[in-house]
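Working notes, beginning with the structure itself.
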Amino acid sequence: MATKLEISELDFDGIKDNLKTFLRQQDEFTDYDFEGAGMSTLLDVLAYNTHYLGYNANMLANEMYLDSADLRSSVVSLAKQVGYTPTSATSSSAIVDVLINNASGSTLTMNAGTQFTTTVDGQSYAFVNKEDVSITPIDGVFKFSNLSIFEGSYLNYKYTVSTSDIDQRFVIPNDGVDTSTLRIKVQESSSDSTTQTYKLATGVTGLDSTSKVYFLQEIETGRFEVYFGDGVLGKAVADGNIIIMDYITCNRNAPNGATTFTLSGSIGGFSSATVTTVEGAANGSAKETIKSIKYNAPRDYTAQDRAVTADDYKVLVKTLYANAQAVQVYGGEDAEVPDYGKVYISIKAKSGSNLTVATKAGLVQQLKSYAVASVTPVIIDPETTFITLTVNFKFNSGATVKDVSSLETNVLSSIINYNSVELNNFTGMFRHSQLTENINNADTSILSNITKVKMYKFITPTLESALKYTLSFNNALFNPHSGHNSTGGGIVSSTGFKISGDTTNEHFLDDDGAGNIRVYYLSGTTRIYTSSTYGTIDYATGQIILTSANITSISNVDGAASTRIRVFATPDSNDVVPVRNQVLSIDTANSSITGDVDTIESGSSQAGTTYTTTSSY
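For the sequence shown, position 477 matches number 477 in our numbering, and the numbering has no gaps at all.
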């Protein structure tokens, strides 16, 4: 019988066994004891070698495809094949007004790289401007208004082109560079100081031999390389040209949140300045991750430098704004109030709060170059709907050494983890059954739980003004019949506030179960209604409207600086769905968690008489 070696096995032990099987079929090794002979060591070496070769071949094959590649250099290289360049680290930026005290003259110039300092969490950071700015005095006052400053060091690096060096590369020699701040100039020669500014090319359409553009790519070391045209697509650099790179290197997201800045050094010889913050530091972020590159590269290729579909806009926004954690896009026709000819874009930032006005305006301007005619991009803030939980769980005291407090902490941790993993993005649906299962699994002693769900949104009123306020939960609200729970206050509640005409009593909101929002104050435990038609509630759509609310002050539920009123409502379903720019988030601080011993399971002699249950409603 012809013998052959089994070659499909890649496991070490499998390879060795296959070698033994093959050898035993040879006449020379019939009845040979491989385990007790030196041949076993030789087989080990051969099996290890085969295993390593198989492993390397398998890994090599994985690195050839974007989906399966693990090494950043491989992922970047594969992304390059579809014309995608990963985003670099992004500098935290702020907007300030700079008033120069006692300045004189007809003009004043702030040179690029002028330094400002700030402190975040005890750490000092430097912010710089990236372009020369010149101003003239207004009424004798020199003021730089709405000046954009960026965290990091303003650096300059030069290369002299040598066409004889075929291996010459123009690599930015710093980690943490923010490529959005990169400025490229080409000087003719060391004896000719004339410079020409080159722009970043995002494609080859419209380029010819005279186009002053440069291209950018991430290289195998993780740094970024600048390269130029070949004389056909883009102007080629010549021997002796000097490549001048101006850029900022940054500390990524660490300086986000800075609000106080001071001038370091001087501007035009004047060192006394008053710096007023217009918008605090935000938007700093790390370079694009491998996971993000894998996601964005094929979608960017599909978009082909134009924005038509929602996915096109999502990819473009993530490319143009590196601090975007999640992006939601929908057409104006799908807005709560249809607005045709517009596309609405909502961005949840990785760090910092909502996008600043300046950031939104800059991003809209960039998107317009990709949008099809007659479509206007509009950037709106994410709208958070908060969820509060009332958790009551039963546990077997005989199955754990932990006390109630420790178990409640475990349950809280499971809720926090669910909130972090499943929610806080535009597609994160709150699924009640998943959460209750996680609570049950928080400890082996936990037997069951009853978890009640409420939602709330904020109203930030303009005080002393009668205005209309609209809250859209975008989920049906609990109302089994007209007039449900009217005497108990319906399914709406709120934190306190005072109203025009009665600045003594603290007022609250509820509903009558028949579509009306009421406002009342408490006399002891009795509700005294100031108005039974303070607004309306649509239980089917989850929309609450306060028709003409004149609020004079707000109770300090969020501390002394409270500016918001919480409005609570009970959803019709325990599952809550985010709609459009809505984001769901569990407010653990205003949730309650209570653990009770299950007396039956714990073997109490009085189990049948003292056992209590919790209502689901």
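Using N, Cα and C, we set each Cβ at its ideal position, and we do this for glycine too. Everything numeric in this text was worked out from a predicted model, so none of it was measured.
Counted within 10 angstroms of its Cβ, other Cβ atoms place residue i as buried (16 or more) or exposed
i	result
residue 2	Any answer about residue 2 is weak, because its pLDDT of 47 lies below 50 and its placement is not dependable; what the coordinates show is given next. Flag for residue 2 reads exposed.
residue 156	exposed
residue 408	buried
residue 53	exposed
residue 103	buried
residue 507	buried
residue 245	buried
residue 35	exposed
residue 11	exposed
residue 340	exposed
residue 38	exposed
residue 540	exposed
residue 417	exposed
residue 198	buried
residue 48	exposed
residue 337	exposed
residue 556	exposed
residue 480	exposed
residue 26	exposed
residue 237	buried
residue 593	buried
residue 158	exposed
residue 566	buried
residue 184	buried
residue 455	buried
First through last residue of the beta strand (DSSP E) which encompasses residue i
i	result
residue 449	446-459
residue 88	Here residue 88 belongs to no beta strand (DSSP E), and DSSP marks it neither H nor E.
residue 183	177-189
residue 143	142-151
residue 224	224-228
residue 548	543-554
residue 69	Residue 69 -> no beta strand (DSSP E), and no H or E assigned at all.
residue 579	Premise fails: residue 579 is in no beta strand (DSSP E) and is neither H nor E.
residue 121	Per DSSP, residue 121 belongs to no beta strand (DSSP E) and is neither H nor E.
residue 110	108-110
Where the alpha helix (DSSP H) containing residue i begins and where it ends
i	result
residue 50	39-62
residue 417	404-422
residue 361	357-368
residue 199	Looking at the DSSP string, residue 199 is not in any alpha helix (DSSP H); the run it does join, the beta strand (DSSP E), is 192-200.
residue 319	310-320
residue 169	First-last for residue 169: undefined, no H or E at that position.
residue 77	72-80
Reduced DSSP secondary structure (H/G/I, E/B, other) of residue i
i	result
residue 101	coil
residue 434	helix
residue 563	coil
residue 377	strand
residue 28	helix
residue 22	helix
residue 340	coil
residue 1	Its pLDDT being 45, under 50, residue 1 is placed unreliably by the model, and the measurement read from it follows with that caveat. Residue 1: coil per DSSP, three-state reduction.
residue 332	helix
residue 292	helix
residue 270	strand
residue 126	strand
residue 528	strand
residue 468	strand
residue 240	coil
residue 302	helix
residue 393	strand
residue 287	coil
residue 441	coil
Supposed close pair residue i, residue j - CB separation, criterion 8 Å
i	j	result
residue 252	residue 286	5 Å
residue 223	residue 172	6 Å
residue 240	residue 189	5 Å
residue 88	residue 178	6 Å
residue 563	residue 551	Going by Cβ atoms, the distance from residue 563 to residue 551 rounds to 11 Å, so no, they are not a contact pair.
Any chain D beta carbon closer than 8 Å to residue i
i	result
residue 379	Structure shown: chain D not included; a single protein chain is present.
* Asked: Counting pairs of Cβ atoms below 8 Å between the stretch 264-271 and the stretch 129-140, do you hit three or more?
  -> no
* To do: Check whether the stretch 521-539 touches the stretch 573-591, taking contact to mean three or more Cβ pairs, one atom from each stretch, closer than 8 Å.
  => no
* Asked: Would the stretch 312-321 and the stretch 111-119 be scored as touching if the rule is three or more Cβ pairs under 8 Å?
  -> no
* Are the stretch 49-63 and the stretch 93-101 touching, with three or more C-beta to C-beta distances below 8 Å? -> no
* Is the number of C-beta pairs between the stretch 560-575 and the stretch 486-498 that are closer than 8 Å three or more? -> yes
* **Inter-stretch contact (C-beta, 8 Å, three-pair minimum) for the stretch 115-132 and the stretch 203-212** => no
* Asked: Can we say the stretch 523-539 touches the stretch 439-454, given the rule of at least three CB pairs closer than 8 Å?
  -> no
* Touch check for the stretch 384-392 and the stretch 584-594: three-plus C-beta pairs under 8 Å? -> yes
* Counting pairs of beta carbons, one from the stretch 508-517 and one from the stretch 460-467, are three or more of them closer than 8 Å? -> no
* Asked: Do the stretch 543-551 and the stretch 468-475 meet, that is, are 3 or more Cβ pairs less than 8 Å apart?
  -> yes
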